[in-house]
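Protein chains in written order, with our numbering: chain A, 4 to 309; chain B, 4 to 309.
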């Protein structure tokens with residue numbers, strides 16, 4: 004059997020204590036998600052299916068900010084986004100500003116498989132989903148108690164809404180990258196976005212080349228962190244290009260992008276990635292990155308702190 | 004005075020006759036737009052302002068598929084998108100799925116200048132615009148007779164809607180790239196999208212790195228053509244990276260990306276670009292690209308055919 008590998012993340016955090024709750028819950032959530040994805044690779048199925056399963060598991064777990072458990076925007080609404088990409092033909096699908104759909108990553112995958120467009124947003128995307136057999140759930144399914152409480156607290160406390168330097172920031176994106184036994188790479192990313200984001204705001208997670216990119220020639224990358232930087236700096240695509248044009252290894256490319264190239268603006272971001280040889284790489288300028296990796300040559304590794 | 008340069012496009016066309024109407028009208032529209040932008044550069048103002056003025060002139064001209072004159076989607080509605088980026092700090096703004104706003108490029112610029120997010124879409128973006136002093140116009144302003152007739156014809160004639168190989172395709176995006184006397188680059192792109200596109204579909208024109216990218220270290224690029232390819236192939240960002248990592252000239256980078264790198268899928272696309280030395284480059288795999296360029300070292304040049 005060729006090499007198979009999977010790496011996932013459940014978001015990053017700039018707080019010094021790295022905990023937005025119970026660390027054990029995050030570790031268990033990561034383990035559950037990576038097991039779901041790895042079983043698929045181990046059965047000889049595709050990297051896309053493994054990425055899809057791992058991201059779905061995190062979307063379905065309320066502790067992660069994606070699917071149920073998504074952070075609420077300024078209006079107290081859920082607006083989710085997701086993207087998925089496969090590295091052989093560079094097919095991709097992306098969805099933004101959706102509610103009601105249990106698994107935005109499944110909707111992104113359906114859009115990818117239907118080659119007539121790459122990206123859909125809003126109510127039309129929800130209608131596309133229901134037209135393709137996905138169930139529209141009640142909005143209450145997505146709003147967990149902890150996100151509702153956090154939103155209500157923000158409404159009572161004006162200071163909570165102010166951008167404060169040094170304030171602890173949580174980047175609750177989830178993502179997965181995989182190499183299957185056929186040598187194909189895939190990447191997927193999904194998020195509820197930052198708490199109190201503007202209604203109608205689209206972030207990096209659903210932008211091909213920013214929060215998600217896969218190319219069999221180089222690597223698959225899923226990013227999390229300061230969304231506006233990740234979009235403008237095309238983080239995932241640039242890591243691939245640093246490998247392609249500069250001949251860097253995956254870890255060199257990730258570290259150069261995260262720590263060296265943008266020293267002037269010091270953006271907070273993290274990536275999980277895997278290359279066409281099955282090497283996994285993590286790199287993050289945040290204090291923590293909830294992450295896990297496994298391959299048929301490397302045992303399961305789960306970590307949150309540096 | 005340092006070198007100043009501006010290049011614009013008004014869309015591409017794969018039809019062998021290169022005309023979607025009166026060529027003189029297109030040439031006059033290009034001349035008007037490039038003059039509006041170049042006057043600003045010549046007055047010593049910024050590349051961003053020049054790009055903004057040139058794109059605005061094309062949005063306001065009903066012969067171009069952006070602003071008034073936008074193609075109608077499957078529901079007979081206008082859904083416009085635009086992006087703008089400056090190359091010094093890599094600030095960018097982007098807007099998708101908007102109607103009622105006369106100049107989507109102005110809305111993208113306002114979003115760029117308000118650094119709290121990079122991309123807004125839909126009704127929330129329209130509300131953001133009106134909250135920032137832009138007027139919401141009646142939807143009729145955007146729907147020209149020729150686009151209404153084209154839509155009605157498509158409803159009567161089922162064959163019109165079928166994707167037919169070899170069918171003439173028009174890619175009616177508009178865009179501009181500029182270098183100002185301070186050495187700053189900027190790029191802007193705006194479109195009504197392809198006729199009969201799915202409601203809620205987002206294309207490459209508003210995606211930073213796909214249809215629009217600027218970086219003072221390399222170049223500014225605006226792309227047009229097969230949107231799904233441009234998004235997945237990150238055309239504008241890749242051209243910048245080919246210069247940055249490979250040391251290619253602007254024309255080499257554009258030609259490599261458009262003609263060489265993706266020979267297997269032969270995507271139809273075109274780019275206008277300018278580098279930090281003020282060289283302009285055009286490259287297109289379509290039959291035609293409505294384009295114009297000018298600098299303080301090169302006279303005005305307007306062309307449509309190869």
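Beta carbons: idealized from backbone N, C-alpha and C, even for Gly.
Please work out which residues of its chain come closer than 6 Å, Cβ to Cβ, to residue i, disregarding the five sequence neighbours upstream and downstream, and give them in chain order.
i	result
residue 304/B	296
residue 172/B	17
residue 174/A	14, 15, 227, 228
residue 158/A	none
Does any C-beta atom of chain A lie closer than 8 Å to the C-beta of residue i?
i	result
residue 57/B	no
residue 310/B	One cannot answer for residue 310/B here, as it falls past the ends of chain B, which runs 4 to 309.
residue 237/B	yes
residue 142/B	no
residue 93/B	yes
residue 248/B	yes
residue 261/B	no
residue 122/B	yes
residue 228/B	no
residue 90/B	no
residue 134/B	no
residue 14/B	no
What separation, rounded to the nearest whole angstrom, lies between the Cα atoms of residue i and residue j?
i	j	result
residue 185/A	residue 148/A	43 Å
residue 95/A	residue 214/A	12 Å
residue 270/A	residue 292/A	15 Å
residue 117/B	residue 219/A	37 Å
residue 48/B	residue 110/B	20 Å
residue 143/B	residue 101/A	28 Å
residue 178/A	residue 57/A	8 Å
residue 299/A	residue 153/A	41 Å
residue 245/A	residue 275/A	16 Å
residue 138/B	residue 63/B	14 Å
residue 190/A	residue 212/A	11 Å
residue 255/A	residue 209/A	25 Å
residue 105/A	residue 192/B	34 Å
residue 115/B	residue 309/A	34 Å
residue 9/A	residue 248/A	25 Å
residue 280/B	residue 239/B	18 Å
Looking at residue j and residue i, is the spacing between their C-beta atoms short of 8 Å?
i	j	result
residue 194/B	residue 16/B	no
residue 83/B	residue 73/B	yes
residue 87/B	residue 44/B	no
residue 203/A	residue 128/B	yes
residue 12/A	residue 294/A	yes
residue 3/A	residue 26/A	For residue 3/A there is no data in the structure shown, the boundaries of chain A being 4 and 309.
residue 226/A	residue 89/A	no
residue 176/B	residue 284/B	no
residue 99/A	residue 205/A	yes
residue 2/B	residue 265/B	This structure cannot settle anything about residue 2/B, because the visible part of chain B is limited to 4 through 309.
residue 241/A	residue 272/A	no
residue 257/A	residue 232/A	no
residue 125/B	residue 85/A	no
Can you list, in chain order, the residues of its chain whose CB lies under 7 Å from that of residue i, leaving out five sequence neighbours each side?
i	result
residue 135/B	113
residue 29/A	13, 66, 293, 307
residue 187/A	49, 50, 89, 90, 91, 219
residue 103/A	129, 139, 140, 142
residue 259/B	245, 251
residue 36/B	11, 57, 60, 61
residue 108/A	55, 58, 59, 62, 85, 87, 191, 193
residue 253/A	222, 246, 276, 278, 282, 284
Any beta-carbon of chain B closer than 8 Å to the one on residue i?
i	result
residue 241/A	yes
residue 51/A	no
residue 106/A	no
residue 7/A	no
residue 307/A	no
residue 244/A	yes
residue 195/A	no
residue 186/A	no
residue 234/A	yes
residue 220/A	no
residue 231/A	yes
residue 2/A	Nothing can be reported for residue 2/A, as the shown portion of chain A is limited to 4 through 309.
Please work out which residues of its chain come closer than 8 Å, Cβ to Cβ, to residue i, disregarding the five sequence neighbours upstream and downstream, and give them in chain order.
i	result
residue 78/B	202
residue 34/A	295, 303, 305
residue 121/B	95, 96, 97, 114, 115, 211
residue 262/A	286, 288
To the nearest whole angstrom, what separates the beta carbons of residue i and residue j, a pair I think is in contact under 8 Å?
i	j	result
residue 198/B	residue 277/B	No, residue 198/B and residue 277/B are not in contact; Cβ-Cβ is about 30 Å, not under 8 Å.
residue 60/A	residue 181/A	Not quite, the Cβ-Cβ distance comes to about 13 Å (not below 8 Å), so this is no contact.
residue 75/B	residue 150/B	5 Å
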